[in-house]
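Worksheet for the structure shown next.
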Amino acid sequence: MSSRVISNSMEEKTRAITSTKLDDFTYPKKKSSLSEIGSDLVVATNDGSSRSLAWLKPNSQPSTQGSFIANISRKDKSSPGSVLKLLASKITSRPQTLFSTPPDNSHEPFRPLLKEKPNSLLENDDWRTNIMQSVGIDYPHPYNDELTEFEHVIQLKFKSYEAKSLLPPRLEDTTFKFVDEPNDLTELVSQLSLQPEIAVDLEHHNYRTYFGMTCLIQISTRSADYILDSLALRDHLHILNKPFTNPNIVKVAGLR
């Protein structure tokens, strides 16, 4: 889906987010029972007590090409210990196979992959050198100094607003844009850098990954909403550090 501005219609906004090119998918014929499942599907069950992928059906070797179908059902939705059964195609395409930097599923210590460090407090920050020298050591947060300093001054920089300014405009009056191209991401960063406050929410995906990944980013300003395809923009998302590490911009995150 190319980046574009969607009209103010509530219906069109919803369609823009949920629409999919169904011609790109091939769905297996619906089976009347689990006993009729063909070789194109795998069966996974989970009692809800484990978050591990070890419960996936043995001997299933999913391919990295093709498309998918998934169907989830519970024998007793009201029972916490009920068994969940999942039918999933073995030919689901996995986005991580297209990443320029392959996912690291090892248990090696954390090492940030920053390309640059905007809004650094230190004139000659040696964060890159420290990362390269920290072999076998769990490297601290690259913005540890900035976060520590921010804690000291947050009360001084906290802004209060009149109640009327907290009322958002109607959804129909808010511009919406889907961002999945680097040029549009650069434009968005420029817009966010001018805002006094921004709201952000992340969507996490962990079904077909080991550690999971952020698959979608939602960002809102006072006048616009943005949906970012973080899979397509994976190699470019670091430029969001410019507005997100700016201590003068208030960030509002959703609570779960």
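Anchor point for the sequence shown: position 230 equals 229 in numbering that gives the first Met the number 0, and the numbering is continuous, going up by one each time. We put the beta carbon where it would ideally sit given N, CA and C, even for glycine.
Per DSSP, the beta bridge partners of Y225 are K176 and I218. Taking C-beta atoms under 8 Å as the contact rule, Q194 and T220 qualify, at a distance of about 5 Å. Under DSSP, A198 shares a beta bridge with S219 and V251. About 18 Å separates the CB atoms of P102 and Y138; that is not less than 8 Å, and the two are not in contact.
Contact check for P117 and T244: beta-carbon distance about 6 Å, within the 8 Å limit, so the pair qualifies. Around the beta-carbon of Y142, 16 or more other beta-carbon atoms lie within 10 Å, marking it buried. Within the same chain, Cβ atoms closer than 8 Å to the Cβ of H203 are found at G211, M212, T213 and C214, the five residues on either side in sequence being excluded. Between V188 and K241 a beta carbon distance of about 6 Å is seen, short of the 8 Å cut, so the two are scored as contacting. If you check the CB distance, L113 and E145 do not come in under 8 Å.
If you draw a straight line from the Cα of H235 to the Cα of P181, it comes to about 7 Å.
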